[in-house]
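Position one of the sequence shown corresponds to residue 1 (UniProt numbering), numbered consecutively onward.
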Amino acid sequence: IQAINSHSVVIINGETGCGKTTQVPQFIMDHSEKTQRGCRIICSMPRRISAVTVSERVAMERGEPLGKTVGYQIRLESRISPNTILTYCTNGILLRTLLCGDSLLATVTHVIIDEIHERDRLSDFMLIVLRDALAKYRGLKLVLMSSSLDTQMFSKYFTNCPVISGNTCPIITVPGRLYEVQEFFLEDILKKTGYMTKEMVKVKKDIERVKQNKLDLKTWISALNVNGSSNQQSLTYTATPILGQQSVEVSQEIVELEGYLKQDMDRCLAQAWASGTEQAFTQLLQLILSENISVDYQHSDTGLTALMAAAARGSVDMAEHLLSLGAKVNIKAGSDERTALDWATENGHQDVVELLQVYMIYYEYEPCKPDVEVELSEESKLLIDVYERCFDEEQVDVDLIIHILSTIHESGKKGAVLIFLPGYDHIVSVKDRILANEKKFNEYGKLAMFILHSKMQVVDQKRIFQPVHTGQRKVILSTNIAETSITIDDVMYVIDSGKVREKSYNAVTNVYTQKCEWISQACARQRRGRAGRSQPGVCYHLFSSRRYRAMPPSQTPEILREPLQELCLHTKLLAPPNSPIADFLARAIEPPSPLVTRNAVQLLKTMDALDAWEDLTDLGRHLLEISIEPKFGKMLLYAIILKCLDPILTIVCCLSHGDLFKMPTKPVLKRNALNERKKLANNSFSDHMVYLRVFQGWQHARYSNSERYFCERHAVSGASLELITSQRAQVLGQLRACGLVKTRGAGDIRDVNTNSDNWAVVKAALTGGLYPNLARVDREYNVLRTQKEHKVMFHPWSVLREVSKSARVSVAATHTSTVRGLPTDWVVYEELHRVGRLGHVRTCTVVSPLTVGIFAGPTRLPLDAMEDSDHPSLESTVFDSDSENESDTVPEGHNAIVKLDDWLVFRLDNEAASLVHQLRLKWHTLLFKRLKNSSKPWTPGDEAIVNTLVSVLSAEEQALGLEQPQGVGQRPRPLNIDCYPQVRRPWEEFDGNQMAEDGNAFLSTIENSGSRFMNHHRYPDSSPTKTNQDQEIKMSTGGPSSPMAQNTSGIRANESNTRYFVIKAGHLKTVDASVNRGVWAFTHNTEKKLVEAFKAGKTVILVFSLQSSGHFQGYARLRGDKCESGEPLPEQGGNLNCVLPVEWIKRGNISFNATRHLVNPYNENNKVQTSRDGQEIEPSVGDALCKMWDSPGTLWTNKTPLHQNHQSGFPGRPIRGRPHYNSHYYRK
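And the structure:
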């Protein structure tokens, strides 16, 4: 307290378990009460669950209800009051508050930033703002807290702050109060548990054999000095016809070879290594393909592979051919464990080195070689060597995790198990494996599984703290969210995978990735500390002690590894007026490179997100409202105006997720996966189409209970697709919130998807968003060029890249043939990656020249955009200022130039140039207008511009011979992500068909097609009452009120011709009377909508809901728009119109709990049960709702759900308040 009162900035380095998060704010509050001085404290934390649970703990310690003097505020939820003194919040809430102006700081006395060592970009941004605020608000106190902090770096950063005036910040070190934690590294685990797979046994024998044959390898190495000669016996093997890269699925490759095949492979490898001739490598490749042998086969004595031989001999074509077949780069051979890259480097083959580096970055994990010397026994070294050879370091060893968990469970010792995993897909994999071994686990006691993930609702995250029944063991599958600030009392065991999923952006190579990385030493200590918070514990690290010593001390700050374009846009909201972005970011504690920042700013200017003075444009302001990468946000804005939102939204969410496709480990599976992707592309020349088809196919597979087969066949992650579904709904919600997509009427979800089925229009939105990422075909040299690269190639996993079908045809020749066969000269791509002299473009789509001419380039064209010229061009349609082919003649009449930028210059005839130029101006005028005022209604002229663009683009695609794919605009199904087959209390164990998992609206359901859940109902309430059975029998036998009940599905067969509405009934008697009489009376507004739809020729389906009953009652069809005679229905009010004829189709109770997975896009994505009277339901959602009654024997009764989720609907807003002059914490 003395240090805080005497200094503006105080740094507290408190070890895990010291109580800094809960006690330091209370020390300040108690001191303020004692001295009768006012205070208001904001404590910022990186995670929602931390803010909520810590605030609850502090309120409990102070013996007062939460929300009084202690509260919290997170996104969409808050527990604060005018008397709140201490507010726990997330970094995002505090930053958003600061964005509204720093006037808040005038009412705050203390700002505490906890877990500052995590260094997310929000905390680094906050430090810049707060550092400036300290000079303005001299009474403000800043406290930085962490358990693993580089204190000197932070102290030096704030020492230079003007208000501190050269004085150092005090650093307070607080020891922890952890219990003893026994720690086991990988070598200890292998020895302690005896873990040894069949493959490890085989590799262990191979290593011992290789050690005995060191002389053979030395002889092979010496043979490299012999040019083209070989002492090996000549080969007599004659290859059978090559399998090649066929369109059909490749059969399983041979792993265990027969004796004669081993001899043949060893001889081929030996001769290729010794001679290095093309003939020797061709024979080797023919043997691999014809006999379907693994391309990673290792020589029996030396362990060398075909790729190592090609690398050592410098055969670029052969190395690339082997890599295209799936050869692994990181296989090691010899006692010194050299890889193919090592062989190429040692022998000076730079071309091969660059090629291998490209593939390592794209496919292989780049391990930080643990060159730190650690004393290990020979047994430990051998075990680590065997394990690392058998297991891909990029993956998480689920088998080993299950083995450790089984060892813990069989020991009989009590205690919960916390398993740290990188991401949601890994959580699903471990969960599935535990369920698969359920009987084995149950022999020693039941398991209760829980999931902890950042995307879950807080109410579901908190279930991990609940105790389980006696005799059960709690197992928590968590990401790094459980590392800090939360204490789970009963955790005794921690299994640390050593991995974390991180987004990273390499500004030098221009590659954005999201993959699993090794954690830092600080994170490893944090994870270990979870086991010793309330009792002695055990921690199992799935990495060696040698690996631990090689890990970085702390994680790379997010500001240094995230794409800078998004950071630069947010900087404009934080930086003072007229302050350059680069100058503001340079004031960060660890600023990014000025060159990288300037490149990012220049790209934003090219995208028209910033103007020449670095001010936000209308486009830039809209991009800030969407939490997605700027180029993807621009793509979405183009799609909304072009009215093709759904396919673009799906593609954008797939691309931003980053790791949709799994990388098969076996070469044959890699080839099969590529073949499947080509089938999905279906001659569309588009990788983006593959993402769209994968999402659509996965949704269909979920509905047909074949999800697991679909994911395995196409090498995709079902868990990732679930996250993409959630992100898709989130982004759509943001588009609605900022007014870009309306709730109803013009601009609603149906309107913005008018052209979604037109692939040419979808590609126009892709082109506008991805500019300047364009490549064109040089037809003279048959190469692909970009603005900065003289020659690039398609990414090896692109569907546009063909694979050689013959061992005698090089990869370069195949690529040349592929480029020559493209139907147009233009390709848009997501990113370009360059290593050495090799450039690769990935995620590509072929587009027409007209699409480029209208949608690419800046929104404001240069003054010389249109001019007449007689200068020749590179080719008949495109002029390139860098062309070397300036002697060609210009086609007759092509004497007009349309210049979009310094590289995109078209030459065409005067009339066509004028029309393209005018259409482009019309489009960008419309774009400016819609971005300026998105709430303004569309005029007939606006509609005419879009319709003209659609017609012109479609005609251009047809003229180029490009096919129009079917089903592009297929609306996403209302997928059930939040419904589990059995609704259970979170502390209950699984018994074969059930699982104790959270009931969270996003993650609680993991549907495993083909698993034991396959035959269970998706909805929990499925027991009909006798009354409802009688009603159902009456309806299905063609009673007087339901003559069409025998063909209920046919009524809704055409979704586009059917409209669904919710009708609210006030009394059950009214519903019964309506069933008997076949009529219903509507309110004036509802009747008006229904009659209008009926007169338009639509089938009008009415879904009846009984108010305050928690159930839907059935659905009917409106039969006419003329009033029926007769008495009004019982219990209906007098403010209703006359009764209209309806035809009841199904009658039965469906619980609202059973429909909670259905959200209505026409009602701001709210759940269907919250609909008001007359609310229209989106057709696919309405059809899914009605199908619940169509299922044979599926009637729904009123059952009380075992648990319900209650969450505050408090919208996120900046923290507001003032010092509490009327409280005892403040003395006037």
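Note that CB positions come from ideal geometry on N, CA and C, so glycine has one too.
Under 8 Å between C-beta atoms of residue i and residue j
{"i": "residue 340", "j": "residue 356", "result": "yes"}
{"i": "residue 756", "j": "residue 968", "result": "yes"}
{"i": "residue 62", "j": "residue 70", "result": "yes"}
{"i": "residue 732", "j": "residue 1165", "result": "yes"}
{"i": "residue 626", "j": "residue 636", "result": "yes"}
{"i": "residue 799", "j": "residue 670", "result": "no"}
{"i": "residue 520", "j": "residue 563", "result": "no"}
{"i": "residue 404", "j": "residue 193", "result": "yes"}
{"i": "residue 545", "j": "residue 187", "result": "yes"}
{"i": "residue 400", "j": "residue 88", "result": "no"}
{"i": "residue 1136", "j": "residue 1083", "result": "yes"}
{"i": "residue 1059", "j": "residue 867", "result": "no"}
{"i": "residue 498", "j": "residue 453", "result": "no"}
{"i": "residue 773", "j": "residue 832", "result": "yes"}
{"i": "residue 116", "j": "residue 145", "result": "yes"}
{"i": "residue 1146", "j": "residue 1156", "result": "no"}
{"i": "residue 110", "j": "residue 39", "result": "yes"}
Range covered by the alpha helix (DSSP H) that runs through residue i
{"i": "residue 280", "result": "278-290"}
{"i": "residue 91", "result": "91-99"}
{"i": "residue 169", "result": "Element bounds for residue 169: n/a, residue is neither H nor E."}
{"i": "residue 386", "result": "378-390"}
{"i": "residue 712", "result": "707-714"}
{"i": "residue 752", "result": "Looking at the DSSP string, residue 752 is not in any alpha helix (DSSP H), and its letter there is neither H nor E."}
C-alpha distance - residue i paired with residue j, whole-angstrom precision
{"i": "residue 286", "j": "residue 691", "result": "34 Å"}
{"i": "residue 407", "j": "residue 548", "result": "24 Å"}
{"i": "residue 13", "j": "residue 745", "result": "57 Å"}
{"i": "residue 896", "j": "residue 850", "result": "15 Å"}
{"i": "residue 803", "j": "residue 268", "result": "23 Å"}
{"i": "residue 264", "j": "residue 304", "result": "15 Å"}
{"i": "residue 689", "j": "residue 759", "result": "9 Å"}
{"i": "residue 1097", "j": "residue 1057", "result": "8 Å"}
{"i": "residue 137", "j": "residue 105", "result": "7 Å"}
{"i": "residue 19", "j": "residue 73", "result": "21 Å"}
{"i": "residue 1013", "j": "residue 432", "result": "For residue 1013, the predicted structure reports a pLDDT of 26, less than 50, and the residue's modelled location is therefore unreliable. A value from the coordinates is still provided. So the alpha carbons of these two residues sit roughly 12 Å apart."}
{"i": "residue 767", "j": "residue 360", "result": "29 Å"}
{"i": "residue 965", "j": "residue 647", "result": "12 Å"}
{"i": "residue 989", "j": "residue 389", "result": "Model confidence at residue 989 stands at a pLDDT of 32, short of 50, so the residue's coordinates are unreliable; what they give is reported in the following sentence. If you take the alpha carbons of residue 989 and residue 389, they lie about 37 Å apart."}
{"i": "residue 203", "j": "residue 260", "result": "21 Å"}
{"i": "residue 956", "j": "residue 724", "result": "33 Å"}
{"i": "residue 1062", "j": "residue 412", "result": "55 Å"}
Anticipated Cβ contact below 8 Å, residue i with residue j, distance rounded
{"i": "residue 1103", "j": "residue 1185", "result": "6 Å"}
{"i": "residue 422", "j": "residue 501", "result": "4 Å"}
{"i": "residue 727", "j": "residue 653", "result": "5 Å"}
{"i": "residue 491", "j": "residue 416", "result": "5 Å"}
Endpoints, beta strand (DSSP E) assigned at residue i
{"i": "residue 1229", "result": "No statement about residue 1229 is possible, as the shown extent of the chain runs from 1 to 1228 and does not include it."}
{"i": "residue 474", "result": "472-478"}
{"i": "residue 1080", "result": "1079-1081"}
{"i": "residue 418", "result": "416-420"}
{"i": "residue 1141", "result": "1139-1151"}
{"i": "residue 776", "result": "774-778"}
{"i": "residue 345", "result": "From DSSP, residue 345 is part of no beta strand (DSSP E) but of the alpha helix (DSSP H) over 340-346."}
### Task
Would you check if the segment 472-481 and the segment 28-39 touch, i.e. whether three or more CB-CB distances between them fall below 8 Å?
no
### Query
Does the segment 844-853 come close enough to the segment 347-356 that 3 or more CB-CB pairs lie under 8 Å?
no
### Query
For the 8 Å Cβ check, are there 3 or more pairs between the segment 905-912 and the segment 785-801?
no
### Query
Does the pairing of the segment 153-160 with the segment 603-613 give three or more beta-carbon distances under 8 Å?
no
### Query
Can you find at least 3 beta carbon pairs, one from the segment 926-941 and one from the segment 609-629, that sit closer than 8 Å?
yes
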